[in-house]
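Residue 92 in my numbering sits at position 35 of the sequence shown, and the numbers go up by one each step.
By construction, the Cβ of each residue, glycine as well, lies at the ideal position given by its N, Cα and C atoms.
The structure presented is a predicted model; accordingly, all values stated were derived computationally and were not measured.
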Amino acid sequence: MLFRLFCAFVLVPLLELALLIRIGTVVGAWPTLALVVGTGLLGAALARREGTRTLLALQRDLAEGRLPAQSLVAGASVLVGGAFLLTPGVLTDLAGLCLLLPLTRRFAFRWVRRRMEAGLATGAVRFTVWGMEGRGGSAREEGGRPPRPGEIIQD
Numbered sequence: 058m059l060f061r062l063f064c065a066f067v068l069v070p071l072l073e074l075a076l077l078i079r080i081g082t083v084v085g086a087w088p089t090l091a092l093v094v095g096t097g098l099l100g101a102a103l104a105r106r107e108g109t110r111t112l113l114a115l116q117r118d119l120a121e122g123r124l125p126a127q128s129l130v131a132g133a134s135v136l137v138g139g140a141f142l143l144t145p146g147v148l149t150d151l152a153g154l155c156l157l158l159p160l161t162r163r164f165a166f167r168w169v170r171r172r173m174e175a176g177l178a179t180g181a182v183r184f185t186v187w188g189m190e191g192r193g194g195s196a197r198e199e200g201g202r203p204p205r206p207g208e209i210i211q212d
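Below is the structure:
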């Protein structure tokens with residue numbers, strides 16, 4: 058975990074800086090600055106559009122009674138992709154575009170799903186479900202079923 062944090066906060070910015078310096082020596086300082094500002098503006102606009110689309114898909118899934126797993130992963134991808142595009146750099150811009158575009162976002166969803174399934178199979182990922190135990194009893198004590206939305210459980 059410490060190595061990943063080191064890479065994310067030290068190595069990646071150093072690599073980004075080196076790439077921006079190299080691009081600046083080839084095309085000049087002003088075009089390089091325009092590239093950085095342009096990708097930031099593009100990222101903000103694309104994140105807004107895709108975020109709105111993802112929010113609508115999430116609401117549609119919930120209204121139809123489906124689990125919004127893909128919409129939640131898409132929302133997280135849009136959030137991270139937008140942050141990457143707002144961060145100055147070439148590599149983060151490429152990663153951000155990949156997370157914001159619907160076609161490449163599907164690959165991210167499949168990758169996350171495979172990692173989660175593998176983690177669940179090996180026990181590296183665990184889910185804790187909190188029930189009614191902390192609020193006056195468990196659902197099992199109330200007839201073996203979870204309470205319905207809006208239902209009041211009396212002690």
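Nearest C-alpha to residue 110 among 89, 132, 119: 132. By the Cβ criterion, the segment 101-110 is in contact with the segment 138-152, since at least three pairs of Cβ atoms, one from each stretch, lie closer than 8 Å.
Taking all protein chains shown into account, residue 179 has fewer than 16 neighbouring C-beta atoms within 10 Å of its C-beta and is therefore exposed. Residue nearest to residue 145 within the set 75, 63, 64, 59 is 75 (criterion: CA-CA distance). Judged by their CB atoms, residue 143 and residue 95 are not nearer to each other than the 8 Å cut-off. For residue 103, the closest alpha carbon among the candidates 158, 66, 171 is that of 158. Under the 10 Å beta carbon count, residue 122 is surrounded by fewer than 16 other beta carbons and is classified as exposed.
Boundaries of the alpha helix (DSSP H) harbouring residue 152: 147-157, taken from the DSSP string.
Residue 134 places its beta carbon 8 Å or farther from that of residue 114.
In the three-state DSSP reduction, residue 172 falls in the helix class (H, G or I). When DSSP states are grouped into helix, strand and coil, residue 88 belongs to the helix group.
Here the alpha carbons of residue 117 and residue 61 stand approximately 36 Å from one another.
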